[in-house]
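**Student:** Okay, here's the structure, questions in a sec.
Numbering (mature numbering (1 follows the signal peptide of the UniProt record, and there is no 0)), first residue to last: -22 to -1, 1 to 256.
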């Protein structure tokens, strides 16, 4: 009798647990905008920028309630990653000049990183063309503080000196460099260049916004930087250089006059002029 009683109690408990589990809160339905938004936030917090961009791309495929937030987030991510891979490529190029005994150990990663930077810059440029659809005097920055620090990875300095490092150290240097450039891109987009504390304070709010001119100038600077990737010392594509520089110039037309704006406009104009002569 006692055994039967325990069996009945166990059955009742199991049924209760099943009911409580099935009636608990569920996440967004798979394939919906809410699902991809939540997935982007989770992968971003975990430091998986590749997956984050995949989820954001799903949100940018058509207009939905998350589109504007996804677009500005994607612009920060792609511009930051492009800058990170560019920095890696440039540093390997320097290291290859220093290391006369084994320059190929630097040339191969330089070419690979530069190619990746080119693909990301094109993705950034294509998405920036959609930015006109984001209306209003402010721009949403609806993502948390990127992981990483603003300090240059020690391994990057060693690479620039021509030192050949173990694979694990190279991988760590790549990760830290990409994290750093995403963080700096977010700082720039928030109007807080190199100020990670100010950025963190701003992004504590899930509804964080910045004045539109601040964000646009950060994107114009990123477009200008992307144009430099296509000069004759790097990817050597004058047409793409012109496209990026002219888009930067067009974006700056909506930015109020300031010392920083004037300096950037001069750089952009000089780049366009020089490219026309070559």
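Note that the Cβ used here is the ideal one computed from N, Cα and C, for glycine as well. Just so it is clear, the structure is predicted and the values come from calculations on it, not from any experiment.
Scan the segment 49 to 130 and note each continuous beta strand (DSSP E) run of 3 residues or more that stays entirely inside, going in chain order.
**Tutor:** 116 to 118
**Student:** Could you name the residues that DSSP lists as bridge partners for residue 187?
**Tutor:** 118
**Student:** Helix, strand or coil for residue 24? Go by DSSP, reduced to three states.
**Tutor:** coil
**Student:** Is it buried or exposed for residue -1, if we count other Cβ within 10 angstroms and need 16 for buried?
**Tutor:** The predicted model places residue -1 with a pLDDT of 48, which falls under 50 and marks its position as unreliable, so this point remains unresolved.
**Student:** What does a CB cutoff of less than 6 Å around residue 253 pick up in its chain, not counting 5 residues either side in sequence?
**Tutor:** 216, 219 and 220
**Student:** So, under 8 Å CB-CB, residue 46 and residue 112 are touching, yes? Tell me the CB distance rounded to an integer number of Å.
**Tutor:** 5 Å
**Student:** Are the beta-carbon atoms belonging to residue 146 and residue 166 less than 8 Å from one another?
**Tutor:** no
**Student:** Here's a check: name, in chain order, each residue in its chain whose Cβ is nearer than 7 Å to the Cβ of residue 89, leaving out the five neighbours to either side.
**Tutor:** none
**Student:** Buried or exposed: residue 40, going by 16 or more other Cβ atoms within 10 Å of its Cβ?
**Tutor:** Burial is judged here by how many other beta carbons sit within 10 angstroms of a residue's own beta carbon; residue 40 has fewer than 16 and is exposed.
**Student:** Please tell me whether residue 233 has its Cβ less than 8 Å away from any Cβ of chain B.
**Tutor:** Of the protein chains in this structure there is only one, and it is not chain B.
**Student:** Buried or exposed for residue 56, please, with buried defined as at least 16 other CB atoms from any protein chain shown within 10 angstroms of its CB.
**Tutor:** buried
**Student:** Quick one: using the 10 Å Cβ neighbour count with 16 as the cut-off for buried, is residue 9 buried or exposed?
**Tutor:** exposed
**Student:** Buried or exposed for residue 73, going by 16 or more other Cβ atoms inside 10 Å?
**Tutor:** buried
**Student:** Mind the definition here: the segment 113 to 129 touches the segment 178 to 188 only if three or more C-beta pairs lie below 8 Å; say whether that holds.
**Tutor:** With a cut-off of 8 Å on Cβ pairs, the segment 113 to 129 is in contact with the segment 178 to 188, counting three or more such pairs.
**Student:** Determine the contact status of residue 109 and residue 200, defining contact as a CB-CB distance below 8 Å.
**Tutor:** no
**Student:** Based on Cα-Cα distance, which residue from 158, 95, 123 and 37 lies nearest to residue 212?
**Tutor:** 95
**Student:** How long is the line joining the alpha carbons of residue 14 and residue 152, rounded to whole angstroms?
**Tutor:** 27 Å
**Student:** Excluding the 5 residues preceding and the 5 following residue 136 in the sequence, name in chain order all residues of the same chain whose CB lies nearer than 7 Å to its CB.
**Tutor:** 143
**Student:** Whose C-beta lies closer than 8 Å to the C-beta of residue 20 among residues of the same chain, with five residues either side of it excluded?
**Tutor:** In its own chain, leaving out the 5 sequence neighbours on each side, no residue places its CB closer than 8 Å to the CB of residue 20.
**Student:** If we count the other Cβ atoms within 10 Å of its Cβ and call it buried at 16 or more, is residue 154 buried or exposed?
**Tutor:** buried
**Student:** Assign residue 195 to one of three DSSP states: helix, strand, or coil.
**Tutor:** In the three-state DSSP reduction, residue 195 falls in the helix class (H, G or I).
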